[in-house]
Structures are given as structure tokens and as C-alpha cells.
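Undergrad: In our numbering, the protein residues as written are 3 to 507.
Cβ atoms here follow ideal geometry from the backbone N, Cα and C, with glycine treated the same way.
Sharing a structure here in C-alpha cells format.
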Amino acid sequence: MAMKATRKQNYPEWYQNVVSEADMAENSVSPGCMVMKAWGYGLWERIQRVLDEKIKETGHENYYFPMFIPLSFFQKEADHVEGFAKEMAIVTHSRLVNVDGKLTPASPLEEPLIVRPTSETIIADSFAKWVKSYRDLPILLNQWANVVRWEMRPRLFLRTREFLWQEGHTVHATLKEAEAETVKMLEVYRDFSENALAMPVLVGRKPEHEKFPGAIDTYCIEAMMQDGKALQAGTSHFLGQNFAKSAGIKFTNQNNELEYAYTTSWGVSTRLIGGTIMCHADDDGMVVPPHIAPYQIVFVPLIKKQEDSEKIMNYINNIQSKLKVCSAFGEKLRIKVDTRDKASVDKVWEWVRKGAPMVCEIGLRDIENDGLMVKERIFIGQPEGKKIMKTDDFVATAGKRLEELQRLMFVKAKERLEANVRTDITTPEEFAAYFTNSNEWIEDGKQGKVAFVRGKWCADPATEEILKSMKITIRCIPFDQSDTVGKCLLTGKDATMDVIYARSY
RNA sequence: CGGAGUGUAGCUCAGCCUGGUAGAGCGCUACGUUCGGGACGUAGAAGUCGCUGGUCCGAAUCCAGUCACUCCGACCA
3 MAMKATRKQN
13 YPEWYQNVVS
23 EADMAENSVS
33 PGCMVMKAWG
43 YGLWERIQRV
53 LDEKIKETGH
63 ENYYFPMFIP
73 LSFFQKEADH
83 VEGFAKEMAI
93 VTHSRLVNVD
103 GKLTPASPLE
113 EPLIVRPTSE
123 TIIADSFAKW
133 VKSYRDLPIL
143 LNQWANVVRW
153 EMRPRLFLRT
163 REFLWQEGHT
173 VHATLKEAEA
183 ETVKMLEVYR
193 DFSENALAMP
203 VLVGRKPEHE
213 KFPGAIDTYC
223 IEAMMQDGKA
233 LQAGTSHFLG
243 QNFAKSAGIK
253 FTNQNNELEY
263 AYTTSWGVST
273 RLIGGTIMCH
283 ADDDGMVVPP
293 HIAPYQIVFV
303 PLIKKQEDSE
313 KIMNYINNIQ
323 SKLKVCSAFG
333 EKLRIKVDTR
343 DKASVDKVWE
353 WVRKGAPMVC
363 EIGLRDIEND
373 GLMVKERIFI
383 GQPEGKKIMK
393 TDDFVATAGK
403 RLEELQRLMF
413 VKAKERLEAN
423 VRTDITTPEE
433 FAAYFTNSNE
443 WIEDGKQGKV
453 AFVRGKWCAD
463 PATEEILKSM
473 KITIRCIPFD
483 QSDTVGKCLL
493 TGKDATMDVI
503 YARSY
């Protein structure tokens, strides 16, 4: 076990160990912010690349809007400002002057600027300028950006004051079309999460009190972490005419009538990296899904005597050039040869902790046999964790094998999710008893304590207090409703709506 | 912003109660033996004891203030 704390011993400590041992990120001197290092930012670059393609395939184009938003913009939408007011970073001055040796803000701004916590307001303002006729619609745009929310309790990747994300914003002529867009992008997220990150999710709609501030409806994908807590991995909002009305996005329709447009917004953030860690990493460190691994195959030369160095490096270079024509997930393989002047064993274990999908060790013995030794990350710690292969066999199968490893990761996570959504809890008493002691580690696989409860909810606003006191949240109202009648798990009243109850991050 | 705790070498910490030359392990550097499941030996480099002030012949240690961080609450992509 490479981690100081195992998942069972102390899950939050384990998480921090994984992030630091895999050298993905660290806390910055700037409070609440993180420094993303090569391996962590590399994951984000892969996420960007794969997701950006999907966003473009669905007809969206990338724009860029300012990071500073005039304060007054937030006053236009009442729910929106209320939702974000408590976590705004505000720019009030434009220069510093030296007062008795102390740098002091000077030149107050006429109107304070908000560092964007999200861009609905400023983008809506542009939409209002751009939209005149139904012929201008729809506008489908996306932006990759950083945003700032003044969080009080930051955690690397999961909740930092500044984070990176993409935010899509669209305007439509009809309610129906905007709703369809919202659902379509949720599906893009589901597909991305499950296929690129190998992270299975539940899809559904947020209850009233969990909606995005200013939205009519918020849809979400929810993932289950290995400790059984839920992580909101992505959201897609149907904003109705709320922002259109506050920003004046009006257009002339085909009947020459002026009407307000309908908008949507949707986003995923660097939190996905935190989710990927808590979904796949183990007690030896990170496990990166091959599809988004910055390097899928890492070669570590085992050089015992300096005079063997050239021979071994030539051998590796030869394998590398053979792999150049190979692909996985429709892309060329990403390969790293670790030539650093360090002990080979240390390098191997460093890549294990980073979670590189395959590590190949190459020594003189391999050259004699025209082969190599492959360690597959997901099997580290198990007998099948390493195997000796002929070079040609490896080259012929590497791409397919990476795709297979990705599939195995998804299947394992999917089984864990499915095995840990309980549906047999039907009364408030059982429900309360269950969650009183359920903050425990979930056994890998099937046996352990479950973490999500699928059951009825009466939607009475008074239930919010009950949820709060139990530290439970309603993660979503799943799309696949059973349409049966049962007892609300909070009040015992008759209810038909199925919801997912869980602890959450 | 409430409650608790911690600041000493790159990291993890001991020393503080009872004031008197700055310590350990890991890591790092060099050399040697090792090397395919995470080595070992020898030698070495490395610290304004968070910061400011006070008490004292003398402060990492006592006192006051201050800053930062961590954990628990409220908030959250």
C-alpha cells in the first residue's frame, strides 16, 4: 500500500494522499486555490480535448467573455443574485499607492466588478444585442474559463475558490427547443462521464430547493464515490425566459410579434478530476482511465550498468516507433519514456501512484527474449498485475488492451453503483435508522453497506428541514420514474415521486 | 463568520511543562554494494524555531498581540 491512509481507514485523508502522491495538484499560497501540476492539469487537458469535440459535434462554438462582470448585472435576476451573493469576489479599486510603507488600494471603481462566479448575466447581455429576429436563433455557444466562488472550506479539485470549467450558453426561439437542448447536453455529459471517465452516473432533475439560482429546471448527472457519497458531476439548466426578461433578450417571431427568448446553460468543471479520483483510485494511488490518461504507456528502462544504456534505449525507441501507428479510442497512443536519472524501481512505483494505465519495464533480459514486461495499473497488487510479452504481441494488442482496461474500469464502477442503490427501504423509520450509521466505507463490489436510497418523496417544502438535520440530500429525481404510490421516506405521507437520497460532497 | 487545534530542515514531527550551543526519521547530495513488488552501508549539505513586541544576563521554551494553515459547523461546480 503506497498511501499513508487506506480508503477504509480515513477516506478524506486517503483522497489527499492520492492527489499529492500522484503529483496532480497542491494547495497554493493563495488561500483556497490550487496549483495544478503536470499530471493533474494533463488530465484536464484531456478532458477538455475530448469534451470540446463533443460540444462542437452538437453544433456549439467557443466564445470568450470577460472575467469581470459589473455588479449591477447581478441585480437584474433576483434568484440568481441571492444564490451567489454569499460567495462573490469583488473588485473595488484599480490601483495601489504607498501609504507609510503600506500598499493601500486607491482609485475606487465607480461600479464594483464581480469576478465571474458564472457567466449567465454577462452573456445574456450580449445575447440581447445579438438577437433581433427568429432568424438569429438559436445561438449555441460555449466558453472554457476560470470562475471564482469564495468557498469557505476548499478541497483540491472538489471545491476550490478558483476553478476551471466549461459553460455552455444557448438562446432559443421556443420553450420546447430550449428544453430539448438542456436534455441533449445532459446526455453529452452522461456519455462523456461514462465513456471517457469510466464513471457511471445517475441522471435526473434536481428538486426545487437544489436548482441553479435563476433556473426553471436543473438536470444533473450524479456519481457515486467509493465511500458511498454522491458527487454532482455536471449540470444542465433550463432557464426559461428568466434571464431573457432580466437582460432583454427579445426577438421578432414569424408572426411579426416581439417575444422573449428562452435560454439554457450547462457546465462541468475540474471537479470531474476529483470524481475520477474517488471513483477509481485505490490504496496504491491514482488509477487513470486510459481514454483521458496524459500518457497511456510509460516505458521505464532498467539500466544496471551504464554501458547497457544505449542498447536498452535503442530497443525502447524501436518499440516506440512501432507503436506510432497504433491507436486507442480513435486517437494515437500517448507514450512516455521515462529517462530520468533515478532508480528504476522508484520510477515504476511513481507511475503506479500516478495511475498510468500501463508501465513497461525494459531490461537486458527483455532484449534477449525480444519482449517486455507490462504492468497494468488496475491489476497492481494482484497476481495478474504483471506479464511478460513478446514485443510484437504487445504492439499488436496495446490499443485494444487499453480500451479493454477502460471497459473493465467502467464495469467495476457500474457494478458498485448498481449494488449500492437500495430500493427496499419504504418507511421513514427504516430510512432514519439506515442513514444514522451509513457513513461507512462501502466494500468494493457488492457486499457492504449501501449508500444511495431510492424511494418516495412528497415534495413538501417542510422536508427540507428534515433533510438538513439528517445531513441527507435529494440528489435527483431520476428520469425513469416507477409511477407507483408509496410512503414519503421523510414524512410518511403518500407520494408517487421517486428520488435518490444520499450523503453528498 | 462560530467552535477546536497546529505553526521548529523540502516532508512528518520531537524538544516547550521546569529558559542556558537546534534535534530525529524520511527526502536530498557523493561514493560503494544492490537492482524484474517497492533495498542497504558510509559520509555530507540543509533551519531568522510563523511574525511583532515584552519579561530576562539569556527565549524555540514564559507573556501579549498578530498572521497563516488544518479539522468540525453554515455555503457549494
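Pick out whichever of 161, 233 and 324 has its Cα sitting closest to the Cα of residue 35.
TA: Position 33 of the first sequence, counted from the first residue, corresponds to residue 35. Nearest C-alpha to residue 35: 161.
Undergrad: Can you tell me the Cα-Cα spacing of residue 447 and residue 488, whole angstroms?
TA: Your numbering for residue 447 matches position 445 in the first sequence. Your numbering for residue 488 matches position 486 in the first sequence. Bear in mind that a pLDDT of 45 at residue 447, under 50, signals an unreliable position, so the number given afterwards is only what the model happens to contain. Taking the straight line from one Cα to the other gives about 29 Å.
Undergrad: Quick check: residue 2 and residue 264, are their CB atoms within less than 7 Å of each other?
TA: Shown here, the chain extends from 3 to 507; a query on residue 2 therefore has no answer.
Undergrad: Sort 235, 429, 420 and 381 by Cα distance to residue 407 and report the nearest one.
TA: Looking up residue 407 in the first sequence gives position 405. That would be 381, whose Cα lies nearest to the Cα of residue 407.
Undergrad: Buried or exposed: residue 449, going by 16 or more other Cβ atoms within 10 Å of its Cβ?
TA: Within the first sequence, numbered from 1, the residue matching residue 449 stands at position 447. Note on residue 449: pLDDT 41, under 50, position unreliable in the model; the coordinate value appears next. Label assigned to residue 449: exposed.
Undergrad: Since I believe residue 151 is in contact with residue 89 (beta carbons under 8 Å), could you give me their beta-carbon distance rounded to a whole number of angstroms?
TA: Locating residue 89 in the first sequence gives position 87, where the first residue counts as 1. Locating residue 151 in the first sequence gives position 149, where the first residue counts as 1. At roughly 4 Å, the Cβ-Cβ gap stays under 8 Å, so residue 89 and residue 151 are in contact.
Undergrad: Select from 29, 172, 350 and 244 the residue whose C-alpha is nearest the C-alpha of residue 64.
TA: Here residue 64 refers to the residue found at position 62 when the first sequence is read from its first residue. Measuring from the Cα of residue 64, the nearest candidate turns out to be 172.
Undergrad: Can at least three beta-carbon pairs, one atom from the stretch 255-275 and one from the stretch 395-402, be found at a separation below 8 Å?
TA: Result no; under three Cβ-Cβ pairs closer than 8 Å.
Undergrad: On a CA-only basis, which of 43, 87, 91 and 124 is nearest residue 68? Give me that one, please.
TA: Locating residue 68 in the first sequence gives position 66, counting from the first residue. Out of 43, 87, 91 and 124, 124 has the C-alpha closest to the C-alpha of residue 68.
Undergrad: So what's residue 447 in DSSP terms, helix, strand or just coil?
TA: Here residue 447 refers to the residue found at position 445 of the first sequence. Residue confidence is low: residue 447 scores 45 on pLDDT, short of 50, so the model does not pin down where it sits. Its coordinate-derived value is still stated next. Looking at residue 447 - three-state DSSP - the assignment turns out to be coil, as it is neither helix nor strand.
Undergrad: Within its chain, find whatever has a CB closer than 6 Å to the CB of residue 42; leave out the 5 residues flanking it on each side and keep chain order.
TA: The residue given as residue 42 occupies position 40 in the first sequence. So the qualifying residues of the chain are 26 and 27.
Undergrad: Could you tell me whether the stretch 244-261 touches the stretch 162-169, where touching means 3 or more Cβ pairs closer than 8 Å?
TA: No: fewer than three Cβ pairs fall under 8 Å.
Undergrad: Mapping the DSSP letters down to three states, classify residue 51 as helix, strand or coil.
TA: For the purposes of this step, residue 51 is identified with residue 49 of the first sequence, where counting begins at 1. Reduced to three states, the DSSP call for residue 51 is helix.
Undergrad: Once DSSP output is grouped into helix, strand and coil, what is the label at residue 64?
TA: Sequence index remark: in the first sequence, residue 64 carries index 62 (1-based). Of the three classes helix, strand and coil, the one that applies to residue 64 here is strand, per DSSP.
Undergrad: Please work out which residues of its chain come closer than 8 Å, Cβ to Cβ, to residue 227, disregarding the five sequence neighbours upstream and downstream, and give them in chain order.
TA: Here residue 227 refers to the residue found at position 225 when the first sequence is read from its first residue. Excluding positions up to five away in sequence, the list reads 233, 277, 280, 281 and 507.
Undergrad: From the DSSP output, which residues share a beta bridge with residue 299?
TA: As a working note, residue 299 is residue 297 in the first sequence. According to DSSP, which records beta bridges pairwise, residue 299 is partnered with 337 and 360.
Undergrad: Taking the beta carbon of residue 194 as the centre, do at least 16 other beta carbons fall within 10 Å, making it buried, or is it exposed?
TA: Walking along the first sequence from the start, residue 194 turns up at place 192. With 16 or more Cβ atoms within 10 Å of its Cβ, residue 194 is classed as buried.
Undergrad: Out of 376, 6 and 94, state which residue places its alpha-carbon closest to the alpha-carbon of residue 365.
TA: Here residue 365 is taken as the residue at index 363 of the first sequence, counted from 1. Ranking the options by Cα distance to residue 365, first place goes to 376.
Undergrad: Determine the DSSP secondary structure at residue 484, reduced to helix, strand or coil.
TA: For the purposes of this step, residue 484 is identified with residue 482 of the first sequence, where counting begins at 1. Coil at residue 484, not helix or strand.
Undergrad: Among all the DSSP beta bridges, which residues are the ones paired with residue 499?
TA: Counting from one through the first sequence, the residue named residue 499 turns up at place 497. DSSP lists 459 as partners of residue 499.
Undergrad: Bridge partners of residue 219, per DSSP?
TA: Here residue 219 is taken as the residue at index 217 of the first sequence, counted from 1. For residue 219, which the question treats as bridged, DSSP gives the partners 240.
Undergrad: If we call anything under 7 Å between Cβ atoms a contact, is residue 404 one with residue 283?
TA: For the purposes of this step, residue 404 is identified with residue 402 of the first sequence, where counting begins at 1. For the purposes of this step, residue 283 is identified with residue 281 of the first sequence, where counting begins at 1. For residue 404 and residue 283, no; Cβs fall outside 7 Å.
Undergrad: For residue 383, which of helix, strand or coil comes out of DSSP?
TA: Translated into the one-based positions of the first sequence, residue 383 becomes position 381. Of the three classes helix, strand and coil, the one that applies to residue 383 here is coil, per DSSP.
Undergrad: Could you give the first and the last residue of the continuous alpha helix (DSSP H) run that contains residue 84?
TA: In the first sequence, counting from the first residue as 1, residue 84 sits at position 82. It spans 80-86 - the alpha helix (DSSP H) in which residue 84 sits, taken as one unbroken run.
Undergrad: What does a CB cutoff of less than 6 Å around residue 304 pick up in its chain, not counting 5 residues either side in sequence?
TA: In the first sequence, the residue the question calls residue 304 occupies position 302. Correct list, in chain order: 346, 363 and 365.
Undergrad: With a threshold of 16 other CB atoms inside 10 Å of the CB of residue 515, please say whether the residue is buried or exposed.
TA: Since the displayed the chain opens at 3 and closes at 507, residue 515 lies outside it and no answer follows.
Undergrad: CB residue 505 to CB residue 231, shorter than 7 Å?
TA: Position 503 of the first sequence, counting from 1, holds the residue named residue 505. Position 229 of the first sequence, counting from 1, holds the residue named residue 231. Yes, the Cβ-Cβ distance between residue 505 and residue 231 is below 7 Å.
Undergrad: Counting pairs of Cβ atoms below 8 Å between the stretch 323-337 and the stretch 286-302, do you hit three or more?
TA: At 8 Å Cβ cutoff, the stretches touch.
Undergrad: When the distance is taken between beta carbons, is residue 369 closer than 7 Å to residue 436?
TA: As a first step, residue 436 is located in the first sequence; it is residue number 434 there, counting from the start. As a first step, residue 369 is located in the first sequence; it is residue number 367 there, counting from the start. No. Outside cutoff.
Undergrad: Please name the residue, chosen from 492, 476 and 143, that lies closest to residue 2 on a Cα-to-Cα basis.
TA: With the chain covering only 3 through 507, there is no way to say anything about residue 2.
Undergrad: Quick one: what's got a C-beta closer than 7 Å to residue 127's C-beta in the same chain, skipping five residues either side?
TA: Within the first sequence, the letter at position 125 stands for residue 127. For residue 127, where only same-chain residues beyond five positions count, the Cβ hits under 7 Å are 75 and 249.
Undergrad: Does the beta-carbon of residue 211 have 16 or more other beta-carbons within 10 angstroms, so that it is buried, or is it exposed?
TA: Sequence index remark: in the first sequence, residue 211 carries index 209 (1-based). So residue 211 counts as exposed.
Undergrad: If you check the beta carbons only, do residue 503 and residue 474 fall under 7 Å apart?
TA: Along the first sequence, read from residue 1 onward, the residue named residue 503 stands at position 501. Along the first sequence, read from residue 1 onward, the residue named residue 474 stands at position 472. For residue 503 and residue 474, yes; Cβs fall inside 7 Å.
Undergrad: Taking 7 Å as the threshold (C-beta atoms), are residue 287 and residue 24 in contact?
TA: Position 22 of the first sequence, counted from the start, is the residue given in the question as residue 24. Position 285 of the first sequence, counted from the start, is the residue given in the question as residue 287. A contact, by the Cβ cut-off of 7 Å.
Undergrad: The beta strand (DSSP E) with residue 38 in it runs from where to where?
TA: As a first step, residue 38 is located in the first sequence; it is residue number 36 there, counting from the start. Here the beta strand (DSSP E) through residue 38 covers 36-38.
Undergrad: Using the Cα positions of residue 409 and residue 319, report the straight-line distance between them to the nearest angstrom.
TA: Position 407 of the first sequence, counted from the start, is the residue given in the question as residue 409. Position 317 of the first sequence, counted from the start, is the residue given in the question as residue 319. So the alpha carbons of these two residues sit roughly 29 Å apart.
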